Structures are given as C-alpha cells and as structure tokens.
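Going left to right, the sequence shown walks through residues 1087 to 1181 as my numbering numbers them. No residue lacks a Cβ here, since even glycine has one placed at the ideal position from N, Cα and C. Keep in mind that this is a model prediction, so the values were computed, not measured. Report on the structure given below.
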Amino acid sequence: MKVEVVTPEESMGDVISDLNKRRGQVEGMESNRSGARVVKAKTPLAEMFGYVTALRTITSGRATSTMSFSHFEPVSASIAKEVLTEVGGRVDLIK
C-alpha cells in the first residue's frame, strides 16, 4: 500500500519508527504550507490493520493518514512458511 502521513514535526520520529515496525519503506518526506511534515511510504496491507488507532496514540490525535493500493509483491520465504504453517498447508514446497 502507498501511505501518506501528515504529522507535526515533533512526532516525525515516532511515526517513522512505527512505519518501520510495520515493514514499511519510507520513500520520502516533505513539508507543507502549515509547517506539518508529510511522510510517504510503502507498506504491506497485512501490517496496516489498526494503524489509524496507533497513529492517533503516537501523535495525540494530530496526524492524519491516507492509504491506497500500490502494487503486488511476493512475500519472503519466512513469512510464507509462517502463513502455510498456520493454515496447515504444505510448508515443504517453500524453498
């Protein structure tokens, strides 16, 4: 998913840290006219459930976010094994 977060300057580090925990890749940061910072990132959809609640907590309700589809990408072998183990699939097929 393509994610944009508009946040006050003082919350930038916490917002970026949270995106990194969610396997996000920060692509850039900009300033807007009101002095807020815009963080642009790409993250897996599976990691973004509950993000708005976490963002409100991190920034005391002063940040906003938007999310839109970006692209499909294969998952890593470790995540694929974890998912297959959970659903009882054939883990031996993963290299």
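Give the single residue among the options whose Cα lies nearest to the Cα of residue i.
i	options	result
LYS1128	SER1151, ASN1118 and SER1120	SER1151
ARG1123	ILE1180, VAL1091 and GLU1159	VAL1091
PHE1135	PHE1158, ASP1104, GLY1174 and GLU1159	ASP1104
LYS1107	GLY1174, ILE1180, TYR1137 and LEU1179	TYR1137
What number of angstroms, rounded off, separates the C-alpha of residue i from the C-alpha of residue j?
i	j	result
SER1083	VAL1125	Since the first residue of the chain shown is 1087 and the last is 1181, residue 1083 is not available in this structure.
LEU1139	SER1164	In the sequence under discussion, the amino acid at residue 1139 is Thr, which differs from the Leu named in the question. Cα to Cα, the separation comes out at about 28 Å.
SER1162	MET1115	27 Å
ASN1118	SER1156	23 Å
Near residue i, what residues of its chain come up, given a Cβ to Cβ distance below 8 Å and the 5 sequence neighbours on each side ignored?
i	result
VAL1177	LYS1167, LEU1170 and THR1171
ALA1149	VAL1091, VAL1092, THR1093, PRO1094, SER1097, VAL1101, LEU1141 and ARG1142
Who are the Cβ neighbours of residue i in its own chain at under 6 Å, not counting the five residues just before and after it?
i	result
GLU1133	ARG1108 and ARG1109
(request) Please determine if the region 1091-1102 and the region 1141-1159 are in contact, where contact requires at least 3 C-beta pairs separated by less than 8 Å. (result) yes
(request) Please list the segments of the beta strand (DSSP E) lying wholly inside the region 1092-1159, counting only runs of 3 or more residues, in order along the chain. (result) 1111-1117, 1123-1128 and 1150-1154
(request) Indicate whether the contact test is met: 3 or more Cβ pairs, each with one atom in the region 1111-1118 and one in the region 1163-1177, closer than 8 Å. (result) no
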